[in-house]
Each structure stands twice: as structure tokens, then as C-alpha cells.
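Protein chains in written order, with our numbering: chain A, 1 to 539; chain B, 1001 to 1843.
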């Protein structure tokens, strides 16, 4: 062992530790200062966000380190023991760590100014950094127990963030429903791990040499474990019946939503990606997960369009995107899932940060130009879509194959619908047309580079659950369902029947403010208390 | 009719009775009148795109302030007077009588100033009170979600007939109504009638509301969600809705509320029979004009239960004491000797600012910076414009909400600039189309999944830059915007103005402008009209920071039009005929004061002749130096264009007075940015018409702003907009806090408090004090002519002081036109009130 390699190993370890510990130190510091509360403002908040950013910086350096020197493991204790506490830095885990750290640091920077005078800023930063640190640990843990612990830590952190300002309307109710739903997933994961261990499965996620471990007990225990992992993923990603909590969380300040939508709900996908070797042996469980998340994605995408508020729309958009993401994980489109996870995180962070900018000022809309004839619109759409797809394919082929051919279909539909909408509003003349085509091609090229590079980088090391039963083309089913729901809900006769549902969707139970008494069950003999105050959410 | 709720078996009989009632068409008219009467409790709520500050109790102005508060306290459950904590350590000269403090021994927080139980309640509130349920809140949530869906266009398929018709179509399938209303409730829906008026009638009968209580119950219903009721009130009265939102009318809104309530209560378990707790009638005072109103009209007196009249309104004494303190300080400042020179001799330029309190500091700085003279007028420069931006689809009303625009003006390309102007329009359309493309992909059921990830990779660098370096990001975006769509080519040229008026009509408007500013002689070579606006980012309340006199728009365009009008030779000839001679060498220019950054920008710089352009540039430069980094800009906050900035500026916090008078009264005195300053010269106004216009225009605007600040800081939980950090933009019309609920009214806590959980506002809640440097006789003549002014001054909505050094001292007006001399020695406010009208000015 040469001294040079020792130095490099120490530096790598320091990077990994720094990336992981940065948010935790910030969380601890912010929590201490929240308890001490010497000042009304938070003078040290800049320090805590700087710590989070240094963690993000370490994560970026770590990506370079892994790219140059390959993956490595950092273990606490002797290397011969079955490693319980330790983290692994391979291509997948450092990518996840980097995304989580950058999103977390962004939210911290934004929140520090957004909540500058808010008395709960320090608690917010503590909770947010706990979420970020925990999600980093979930992304990199070497053993199941460590992963489960970090998983629960992220829940705790988010509940702190959510409950920072219980005086705001709806926060108490949102905290309650979130706590219940996330607890279901956390308990499922905990129970699954215990069961797995009792049945003699290895708790290691990473074996000697950093290879993925795939040994697991056969039979019922394995299926049960897969079910419990799926429940955990569905609860964290707010799918199906476990998704009610997500729309209620917009009661918390904007940065809390940004953190949740970009850094926490994608935990379900991260879990499935990391445990892919374990759950791959239970294809029917994965198929059921796919079905549930797919239906959920299609339904919430339909409901998204009926939301009257900006944040309500974003919440339902996240529900459908997470459904799609879980689908991708469940059927072996792992690379596509990773791309989606990263892209969606930055997309939602930006949208939540800018969610206040949706009040149109009168007089700002330009005259709408006359729409060109349908034929011209169709031609423009075809040309724009075709050329952008070509550019994307060209950039893909420079790096790596497309993540999944079926996804090219989604991209094509997205480009086509965008180009169609454009063609209806485009001003006459060559310049706007060239501008649009150029912008679209640049976007397609950049996107192709991003996805292609990501595929080349992490693709080969991704674990997969794909089997003949589970194949990415199943995603076409989700698309078909979403399309059917969308077309159906636009038919007047159907729509009229659904409107009551649309009005009620996402608004939560109406009786949350009641002092736990349902008027239908009121018995005349009940002694009537006198309620004198207006009942509010805080009651 | 007995109060209480009908059991299900009585339903049929009740419906029959309702049918009989319906036959009486006269009753429909009565009901409409009652609805209008009930709606006095809420103020119209303009959409946030052009937010208008309004006194939330404006329609109660026929009552004196204290009576209006007493009424609002029972219906809206507001406090109405500042709590003891509102003034903090600010010393009052005469300490107010001991008032109970919240949180003090034996008094739980939140109870001071609140009745133990409310005399006026809706049927669902009554049910809740007796049964301990949460039906009223559930009703609010349901109606709010319904209105939100309606306004957002979700109910497009069924909305042709208005909100109530949409409700009829949708309610039977709303799972919440099915759950809470049960079989009886759902059965009821189809029998409530087809029109909203029918529905209100039948629901009121079903709910057992006496006709005598109708106004108060309807008012309480509206008051439970002042935001939605205010939106409906705005929409019902709006003379020209500027957007294409589905129309939500007040009658429909009430019909939906009452119908939903009837359905919910039909599904609720009937309350046990037995003597109900006694209800107390709702209003306290005897009417000022007996017999004038109908039965149940607001302000109509009925007996107040014993025990409630004796309690003095909490906080009233403190309010009066602090108003007195502020008034004495201000009048003392204004009486200080020696006064500066009457008017600067030969100023380099004259600048007309908006009356906005934020102009006060700017004017002082500019006057210190050089030989400049400043004036204050309402920021629309007396030009009630309907303004169309170049290439824009909509017109904007650039005038106070109390006026109706009489002039239409459109931006057109300057001569020879048709091509660049066309390019600019196409670029804006291109950006709009790009946004449409994004929305098209986002709303596509399949494309949305791929869009999220593609857009994420593209927006990540933007998000990073805007978060980590907001200042450079803003400058970059501005440069990009300028490169894409430069302003220079779209000029504003009056010679080819697409206007309805000719020179004489414009000239009359210009005459009004110059006379009300008191600028009728001694013109400087350069006269600058300076509007104001605030450049902020990601701010739903952006329009609340812009010019209130311009209808919540930025004031630059009104200034541009004013400069263009006065540059017109025909207008100047007309002015000369009316006695205002503007020298040929005088040039009029336009500028805009960005209140968020405290900077001044010239507008249409390229249109000025070269020497005037030089002078104007010098003016802007000396203003920038005077407010440069060496001098601390007052009350400035961090980068206003940061998208993470919730408080880009303090705006009008602290506003307390309107001073109408010549500049030498206030020049050189730091008034702390608390005063609206309107120029006025008695010599120009022998018959009081100018004064009348000022009192009916700028004074009302100032009062609305002041009253909005007052009530939002006194009752932030009911008449304030809540915390901006949880604001959620709804369909472009307003914001709700969190997931759903009522539309926000008033101002957010960030505009009023340092910390969102503070109890002491930064804005000191005081009623407006109008200080008018004019003879008392002239003021009384004007007040006698105007019922509205009588209401405001006699009802103590606005305090009035008049006189000034030129008149031999200040006098204060008490209700009824009793004037009382003010003197600095007896400034304790303990001067014995003199009953005599127009007493001799002391000193």
C-alpha cells in the first residue's frame, strides 16, 4: 500500500463523511440554537445553510472521485464483521446523495430568506437538514438496519418541518394525517426488516468488494418482505390509499412543500432502487405495486387539472409523477426512474419556489395572433416532434442506449402536445418559428445529453428487477389509462357526473375542525356542552 | 314562526309553506333589498392583479365609527380597536384608563373585547353551540371549495346559469354532501327551487329564520367568509370585469351557502326539544335617523340586552389617546418656526410626485440634492385613463377605483418605428406561445410524465441562479428582456394618439391637474411627472405595492401621458386661455420612482429635447447621489427582486395623516414617511372647487388605504390576509392560506408585523388625520355640499384639522362641525371642548 493511495483513501473517506455529516451537523446546530433561542432572529442560519452547501459540495466532489477511482465502502468497526454501520459510494449511491444534498441545500438557502423573520426558522432548518441527512444515508447505507433507521429519521425530520408553525390554518390536521400515513410505511419497513432477519436473510446491502448482495430467504418470508417494502414505498411516495396526506401538506410554508416534493416523496423510488435485488424475487408483488401506482398516477393526473389553486395543482402533479416513478421502479426501468427522479426533483423545487408568481397583471397579455390552419399546425407539430426526437436519439447514441424505448413514446407525446399548443398561438413570420424550433432542439439536445450521460454513468451499475413478466413496455398501460381517463372526463355527460368528485377531491375531510363529534351520531340524551368560540382548525 | 330546526317529518309542510311564500313576488324584491343591506358588512374584494385598498367597513360609513365597530363586532367578530399591545412602549401623553390586558391575571388570551357568546349566529352556528359539533366550519369549507372550483372554471360544463345552478347540478354528487346531508339532505336539494332567490327563501324557512332576523343572519353568513363574500360583492357590482372569470354573484353565493346549510342541517340529528337558551337581539344603538331605514336595516336600533351597553369598547381610549399624541406632534412640527422660503426661486426643475407617503422621503431628498421644487398630487395626475399597452389585449384602468375612466389612450408605435414595434409585439407573442407550449405539454395526460423530467434538467440552472444569486439573476433577466423586447421603439406619441378627446378636453384635465397641484405660475424649464411602482418578484401582493391612485398599477404610464398632454401646443393654448401661461421653454418629462429600490428612472428619455434631457439626467443623478450608498435609505429591505423575499418593502406601513397644503408647511421636515402630501394653494381656489375635488378623491383613497392598514393590524386574523409564507394562489383572483378556505382580504402579516407571530404591529393603527391648510369657512362649505364628507368627518372615520400658520393657527373639527382651536401649549388634548362653532384661533 503506497502512501499516495492512503492519502487518496483518507480524502475519499473525508469527502463521503463530509457529504453525509454536513446536513446532520447543521440539523443538530439549528436544533440547539432553536432550543436556546437567545435572539428572535436567527443569526446563525447562514452557518447552517453553509454547512448544508458544503455537504452538497462534498457530494459533487465524491461523484468525481467515484468516476475516477471507482466505488468504495466506508465502514465503522472491523471490516471482517458483518457491517452494520457503514456507507457505500458507488455510482448509484453518490448520484442519489448528490441530488438529495443539492435539493436540500437549495431549500435551506431559500428558506433562510423566505422565513427570515419567522420564529420557527431554526426548527425548520433543523428538520429540513435532518430530512436531507437521513435521505443521504438512505441512499448510501450498507445495511438494512441503518437504512431503516435513516428512513425513520427522514419521517421525523419532515414532521418537524411540517409542524413548525402549528398556528397556521390546517397545519395541525395536516401533521396528523401525515404522521399516520408515514407511520404505516415506516412500521411496514421495520417489520419487514425484522422478519427478514428472523428468517435468516442477510441484512447486508453490500457484500465484500462493494458488490450487491442478492442472497435472500426463499418462500413466504421473501414475498412478505417484498410486500412490506412496497407498502413503505407507496406510503412515502403517497400512492393509492396512502396518498391522502400529501395534498394537505400545502398548509405548511412554501419551502416545506419544496423540500417534501423534491427531497422526501421520491424516497419510495430510492428505496425500491436500493432494495431491487431483494424484491426482484417477488415479481407478482412488484406487478401489484405497478398496478396500484399506475392507477393512482393516471387518476391523480386527471384530478390535477381540476385543482383551482397553484399549490394544489403541484401537489397532485407530484402524486401522479411519483406514481409513474414507482411504476418505473417496479417493472425494471431503473435508469428511466433515476432520470425521472432527478429531473422531477429540480422541476418541483423551481415550481414551488416560484409559486407566488401566478397573479396575472391586467394589460400584460399580448394580442393573440390568429391560429394557422389545422394542416399547417399538424405539419409544424410533426416536424418539431420528429426533429427533436432525432436530436435526442443522436445524443443518446453518443452515450448510451435510451433508458427504455417506451419512454421515447412519452417524450414524443410531450413534445407533440407542446408543439401543437405552440402552433395555435405562434405569431406569424419566420423568426418566431425558427426560435421555437431552435429552442426545442436545444432543449431536446440538452435533455438527451443529460439523460444519455446519466445512462452512461450509472446505467451499468444499476440493479434491476426486470423479468419477462416485468418489462418497461408495461408503462404503455399507464399511458393508455391516463389517456382514457382524460378523454372520458372531458365528455360532458361523464364530466357532469364526476364534477362533485372533482370539487371534493384534494380538499380533505370537511369535519376536521369539529370537536370529534359527528352530528349524525348525536344522541338527544347527550348532555349538550356550550361551545362558545368559533371552531377553527386550531381547536 | 318558531326558531329551531324542523324535524324531518315537518319537511313537507315547510316546503308547502315555502311555495306559498314564493308566490309573493314582492317578497323577492324585499329579499334582494335585505341582501344588499346584509352585504354592508363586507367590502368588495378586487382581484389581486390590481389590488385596491378599501376600508373593510366602507358600507357602514353612514354610521359613526364607534357604531360601525359595534355592529361589526357582533357580525364579523372583529375587535375593532387596537389591543393594548398594539402600541407597545410608545408613550401616550395622557395614559388611557386601565383596560384589561390579554393574558393578564384571570383573563385568558383572545377573550378581551370578545363577547362570551355571539348574539347573532347562523343556524349552523347555533346548532354547533348547542350540540358541540363543527357544522359551521364544515359548511365554510364546502362552500369555499365550491366557489374555488367555480371561479377556476372547473364547473364550466354546468355553470351557464351561475353559481347556484352549478351547485344544483353538482351537489347531489358531492361525496361530502352525501355523507353529511344524508338521505334527507340529498332529497332536499332538488326541492329548493331553480332560482337563487327561491332557494334563499325556502332555505330560510327550512332553517327557521324569522323575517325579523333575516338581515342579521344573512350578514353573519357573509361575514363568516369575508373573502368570498367580498369577491362576490365586487363581481356583482363590477362595472367592467377585466377578466374572463366565471361571474360569482352575491345572490348566488348566499343561495349556495343557505342551501348547503339547509342540506347539512337536514342530515343532522334533530336537537332535543326544550327551552332553547335565550337569544339576544343583535344591535345596540338607536338609529340616528329614526324611521329612515326599513325594519332590520343596519343601524336600525333595537333594544340591547342589559349588561352589554355598560361595557366600554376595549382599546377605544387608547386609540384616541394615541391619535391625539400623534396629532399634537404633527401639528407642532408643522407649526415650527421659521418656515423655509415660500417657494424656491428659479428652480432647475419642478417635480410632481404622487401623494403616496413613500414620496415624502423622496421629495425631501430631492429638494436637499439641488434647486428642485416638488409638488404632491394623486398619482394618476387627474387623468382618468383607460390605457392599452402596445399590442395588449386588455385595457387597464389607470385611476382610483372610485372614479370611472373618461379617457381612452392606447400606446402606438412612434413614427418610423413601426417595424421595431412589430418585432417587439411578435417577441412578446413568442414568449406567450412558449408558455402555452409548456402548459400544453403539462396538461397532456401522457406528455406530462416526460415533461417533468425534461423541464427539470432545463430549469435546474435557473433555480440555482435565482436562489444563490438573486441580484445578478434579476439583472441578467432584465438585460435579456430588454434585448428581446426593447421599450424604446414603442413610444407614446400624443400627436397620433388614438384618443377620444381633443385639445380642449385634454386641456381641461390639464388645468385641473395644475390647479390642484398649485403649479400655475413660475414654471421651471423642466417639469417632471413622477409616478411610482414597485418591482418585485414572485409576489402575489405586487399590485398592493404599486400606485393606489392608478388603480393598483405602476404609475409610470400616467406620468407619460401627463407629460405628453402638456407637451401638446393645443393644450397649452387652451391653458393660456384659462389663465395658465406655460413658457415655451418649459419641457414636461415623465419619470418613475421604484419604491422597492428607492431609485428614480426617466421614462421616454429619447423623446426629450437635448437640453431638457441633460437637465433630467442631472436630476436623476443628483437624486441617486442624495439617496446613494453613503446615505442610509430609510426602511429599505434586502434585494426586492429576490424570489425568496416575502417583504420587498414596508410600503405604506405607518401611514397616519394626509396633509393638504403648500409645500413650505412641510418642506425640510422629516415626517417619517407617515404622511400623504397633497399640494394645495388657497390662492388658486377661491370657490373651494379644487379643495372639494381633493377631499373627494385623494382623501378617500388615503382613507381607504389607512383603514385597510388599520383593520388589518387591529384584527389580522379576520381582516388581514394571514402569513404570506403559506399563501396559495387561486385561479389568479386571490390567495388562500394553505390548502383551501376563504380568499384572503386586507394585508398580509408581513406588511404589518416584524415577525409573523408578533402581537405588536409595526404599523401603528391610527385613523387618518387630514390636515388641511385652508380657511375653516371654505372647508365647512365643501363639507356642507358633500354628504360623503359629512359622514366621514362627523362619524370620526377621518379626523380633520384645518387652518395653518397662514390662517393664524390650527383648529380641530369635532363631529357636527364644531371647531376647536389647537395650541401647542395645551397639546395634551385636555383642552376643554368648546361648543362654539368656528371659535377664534388661539395664538
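Beta carbons are placed, not taken as given, at the ideal position from N, Cα and C, and that holds for glycine.
Test: residue i CB closer than 8 Å to a CB of chain A
i                      : result
residue 1710 (chain B) : no
residue 1453 (chain B) : yes
residue 1510 (chain B) : no
residue 1635 (chain B) : Note that residue 1635 (chain B) scores 44 on pLDDT, short of 50, meaning its location in the model is unreliable and no value can be drawn from it.
residue 1538 (chain B) : yes
residue 1594 (chain B) : no
residue 1457 (chain B) : yes
residue 1155 (chain B) : yes
residue 1462 (chain B) : yes
residue 1380 (chain B) : no
residue 1164 (chain B) : no
Cut-off 7 Å between Cβ atoms - residues of its own chain near residue i, not counting five sequence neighbours on either side
i                     : result
residue 461 (chain A) : 90, 91 and 92
residue 320 (chain A) : 297, 300, 301 and 304
Cβ-based neighbour list, residue i, same chain, cut-off 6 Å, excluding 5 preceding and 5 following
i                      : result
residue 1082 (chain B) : 1315, 1319, 1714 and 1765
residue 502 (chain A)  : 306
residue 1441 (chain B) : 1447 and 1451
Per-residue DSSP class, three states only, for residue i
i                      : result
residue 1413 (chain B) : coil
residue 1275 (chain B) : Note on residue 1275 (chain B): pLDDT 45, under 50, position unreliable in the model; no value is reported.
residue 1324 (chain B) : helix
residue 1235 (chain B) : helix
residue 1845 (chain B) : In the structure as shown, chain B begins at 1001 and stops at 1843. Residue 1845 (chain B) is therefore absent and cannot be evaluated.
residue 1661 (chain B) : coil
residue 89 (chain A)   : strand
residue 1533 (chain B) : strand
residue 204 (chain A)  : strand
residue 1350 (chain B) : strand
residue 1042 (chain B) : coil
residue 1190 (chain B) : coil
Within-8 Å CB hit, residue i to chain B
i                     : result
residue 117 (chain A) : yes
residue 158 (chain A) : no
residue 432 (chain A) : yes
residue 457 (chain A) : no
residue 239 (chain A) : no
residue 502 (chain A) : yes
residue 507 (chain A) : yes
residue 6 (chain A)   : no
Proximal residues to residue i (C-beta, below 8 Å), its chain only, five neighbours per side dropped
i                     : result
residue 248 (chain A) : 170, 173, 174, 177, 178 and 508
residue 69 (chain A)  : 8 and 12
is_contact[residue i, chain D] using C-beta, thresh 8 Å
i                      : result
residue 1216 (chain B) : Within the model displayed, chain D is absent; protein chains A and B are what it includes.
Assumed close pair residue i, residue j - CB separation to whole angstroms, cut-off 8 Å
i                      : j                      : result
residue 1164 (chain B) : residue 1059 (chain B) : Contact doesn't hold; Cβ gap of about 23 Å is too wide.
residue 1412 (chain B) : residue 1220 (chain B) : Not really, about 52 Å apart at Cβ, beyond 8 Å.
residue 1657 (chain B) : residue 1743 (chain B) : Not quite, the Cβ-Cβ distance comes to about 31 Å (not below 8 Å), so this is no contact.
residue 151 (chain A)  : residue 138 (chain A)  : 6 Å
**Request:** Identify every run of the alpha helix (DSSP H) within the region 1670-1733 of chain B, keeping only runs that are complete inside it and at least 4 residues long; order them along the chain.
**Result:** 1689-1696, 1698-1714 and 1716-1719
**Item:** 3 or more residues per run - each beta strand (DSSP E) lying fully within the region 1364-1402 of chain B
**Value:** 1372-1377, 1385-1388 and 1395-1398
**Request:** May I have a chain-ordered list of the alpha helix (DSSP H) segments no shorter than 4 residues that lie completely inside the region 253-311 of chain A?
**Result:** 254-259, 267-274, 276-279 and 283-304
**Request:** Kindly provide the ranges of any alpha helix (DSSP H) runs that are 4 or more residues long and lie completely inside the region 1570-1658 of chain B, ordered along the chain.
**Result:** 1610-1626
**Asked** What are the complete alpha helix (DSSP H) segments, minimum 4 residues, inside the region 1782-1818 of chain B?
**Response** 1787-1794
**Message:** At 4 residues or longer, what runs of the alpha helix (DSSP H) sit wholly inside the region 327-408 of chain A?
**Reply:** 334-353 and 374-399
**Asked** Which full runs of the alpha helix (DSSP H) of 4+ residues lie inside the region 99-160 of chain A, going along the chain?
**Response** 121-140
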